[in-house]
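Novice:
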Amino acid sequence: MGIGEFAKQSVSELRRSHWLLFGLLFLLFLGGTNALLALHQPHAGEKVDPVFIAAGIVRVVALVVFSVAALRTSTASPRGRWTPDCAFWLYFGLTLLALIAPAIGGVLALRLPEIVRILVSETLGILLVLPLTVWTVAAAVERPLALAPRFQQMGRWLPPLLVLALLLVLPLAILHAWDSLKMLLIVGHEGFWPLALLDAVVSTALVLVSLALKLTAYRSVA
Numbered sequence: 014m015g016i017g018e019f020a021k022q023s024v025s026e027l028r029r030s031h032w033l034l035f036g037l038l039f040l041l042f043l044g045g046t047n048a049l050l051a052l053h054q055p056h057a058g059e060k061v062d063p064v065f066i067a068a069g070i071v072r073v074v075a076l077v078v079f080s081v082a083a084l085r086t087s088t089a090s091p092r093g094r095w096t097p098d099c100a101f102w103l104y105f106g107l108t109l110l111a112l113i114a115p116a117i118g119g120v121l122a123l124r125l126p127e128i129v130r131i132l133v134s135e136t137l138g139i140l141l142v143l144p145l146t147v148w149t150v151a152a153a154v155e156r157p158l159a160l161a162p163r164f165q166q167m168g169r170w171l172p173p174l175l176v177l178a179l180l181l182v183l184p185l186a187i188l189h190a191w192d193s194l195k196m197l198l199i200v201g202h203e204g205f206w207p208l209a210l211l212d213a214v215v216s217t218a219l220v221l222v223s224l225a226l227k228l229t230a231y232r233s234v235a
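Residue numbers (my numbering): 14 to 235.
1. What distance in whole Å lies between the Cβ atoms of Thr217 and Glu26, which are believed to be in contact at a cut-off of 8 angstroms?
2. Counting Cβ pairs, one atom from each stretch, are 3 or more of them under 8 angstroms apart for the segment 47-56 and the segment 77-95?
3. Determine the burial state of Trp170: buried for a count of at least 16 other Cβ atoms within 10 Å of its Cβ, exposed for fewer.
4. Ignoring anything shorter than 4 residues or poking outside the segment 103-177, list the alpha helix (DSSP H) runs there in chain order.
5. Taking the beta carbon of Ala89 as the centre, do at least 16 other beta carbons fall within 10 Å, making it buried, or is it exposed?
6. Counting only the same chain and skipping the five closest in sequence on each side, list residues whose C-beta sits under 7 angstroms from that of Met196.
7. From the DSSP output, in three-state form, read off Met14 for me.
8. When the cut-off is 9 angstroms and only beta carbons count, does Ile113 lie next to chain D?
9. In chain order, what residues of the same chain have a beta carbon less than 6 angstroms from the beta carbon of Gln22, not counting five sequence neighbours either side?
10. Could you compute how far the alpha carbon of Ser134 sits from the alpha carbon of Ala116?
11. Is Ser30 helix, strand or coil by DSSP?
12. Is Ile70 helix, strand or coil when you go by DSSP?
13. Kindly list the residues whose CB is nearer than 6 angstroms to the CB of Tyr231, restricted to its own chain and excluding five residues on each side of it in sequence; keep chain order.
14. Determine the closest residue to Leu221 out of Ala83, Ser193 and Leu140, with distance taken between C-alpha atoms.
15. For Gly36, tell me which candidate among Leu194, Val71, Thr108 and Ser80 has the shortest Cα-Cα distance.
16. Rounding to the nearest angstrom, what Cα-Cα distance links Phe42 and Leu125 in this structure?
17. Given this structure, state the Cα-to-Cα distance separating Trp191 from Val74, to the nearest angstrom.
18. Are the CB atoms of Val142 and Ala114 nearer to each other than 9 angstroms?
19. Hey, Ser233 and Phe19: beta-carbon distance below 9 angstroms or not?
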């Protein structure tokens, strides 16, 4: 599949009516939890605020629950949309891997300037998890591990997915990381809430674009 056709199918996916509901849910939960994480970020020598811990947990759980529900809705999966079955927990584990991946890049680029560190960490995070894309979707909607031979046809989906991820997902991921860092610096100041609102929109766009691209990759071989 060419890059243009891949992009066209991804856009068509996001035009389906159920994405409005999931977009609002992501906007509310991702935006709200990120604001709480910034407001309750512990400083050196301070105890960790329970609100900070709760916000982090809610953020990850909401991301997984809504993502699985959205993927199952889009694929008309026989699995219950909101059912925490074994496939759900496998997807949960793969999501944690995807969240940890940028941190690996951040450690490797620790001594680099801030914007370069963000670029390296987010790029490496994307590259590490991208080859697992169709298996990740299959884990949520089809059956755990989903090792069907058709999913091994990486040449049909990985090249266009890689290009579009670098063109679309990477800029959004960088902007989200930058927003999050700046929010920590201006907590309690006038510009905090506008930046928090911007981050909520960016975070939601990041998730929706990522899910649409994943679904297009999955459909190319499913």
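Even glycine gets a Cβ: it sits at the ideal position worked out from N, Cα and C.
This one's a predicted model, so the numbers in the text were calculated from it and none came from an experiment.
Specialist: According to the structure shown:
1. Mapped onto the sequence shown, residue 26 falls at position 13. Mapped onto the sequence shown, residue 217 falls at position 204. 15 angstroms between Cβ atoms; not a contact.
2. no
3. Here the question's residue 170 lines up with position 157 in the sequence shown. Label assigned to Trp170: buried.
4. 127-142, 146-154 and 171-177
5. Counting from 1 along the sequence shown, the entry for residue 89 is found at position 76. It is exposed - the Cβ of Ala89 has fewer than 16 other Cβ atoms within 10 Å.
6. Taking the first residue of the sequence shown as 1, we reach residue 196 at position 183. Within the same chain, Met196 has close Cβ partners Ala51, Phe205, Leu208, Ala209 and Asp212.
7. For this step, residue 14 is matched to residue 1 along the sequence shown. Coil at Met14, not helix or strand.
8. Absence of chain D from the displayed structure is noted, only one protein chain being present.
9. The count along the sequence shown starts at 1 and reaches residue 22 at position 9. Excluding positions up to five away in sequence, the list reads Thr229.
10. In the sequence shown, residue 134 corresponds to position 121, counting from 1. In the sequence shown, residue 116 corresponds to position 103, counting from 1. In a straight line, the C-alpha of Ser134 is about 6 angstroms away from that of Ala116.
11. Along the sequence shown, one-based indexing puts residue 30 at 17. Ser30 falls in the coil class under three-state DSSP.
12. Numbered from 1 along the sequence shown, position 57 holds the residue referred to as residue 70. Ile70: helix per DSSP, three-state reduction.
13. Your numbering for residue 231 matches position 218 in the sequence shown. Excluding sequence positions up to five before and after Tyr231, its CB lies within less than 6 angstroms of the CB of Val147 and Val150, all in the same chain and listed in chain order.
14. Counted from its first residue, the sequence shown places residue 221 at position 208. Residue Ala83 is the option with its Cα nearest to Leu221.
15. The sequence position of residue 36 within the sequence shown is 23, counting from 1. Of the candidates Leu194, Val71, Thr108 and Ser80, the one whose C-alpha sits nearest the C-alpha of Gly36 is Ser80.
16. Taking the sequence shown and counting its residues from 1, one reaches residue 42 at position 29. Taking the sequence shown and counting its residues from 1, one reaches residue 125 at position 112. Whole-angstrom Cα-Cα distance: 32 angstroms.
17. Residue mapping note: residue 191 aligns to position 178 of the sequence shown, counting from 1. Residue mapping note: residue 74 aligns to position 61 of the sequence shown, counting from 1. Put simply, the backbone Cα of Trp191 is about 23 angstroms away from that of Val74.
18. Position 129 of the sequence shown, counted from the start, is the residue given in the question as residue 142. Position 101 of the sequence shown, counted from the start, is the residue given in the question as residue 114. Going by C-beta atoms, Val142 is nearer than 9 angstroms to Ala114.
19. Counted from its first residue, the sequence shown places residue 233 at position 220. Counted from its first residue, the sequence shown places residue 19 at position 6. Against a cut-off of 9 angstroms, the Cβ pair of Phe19 and Ser233 comes out as a contact.
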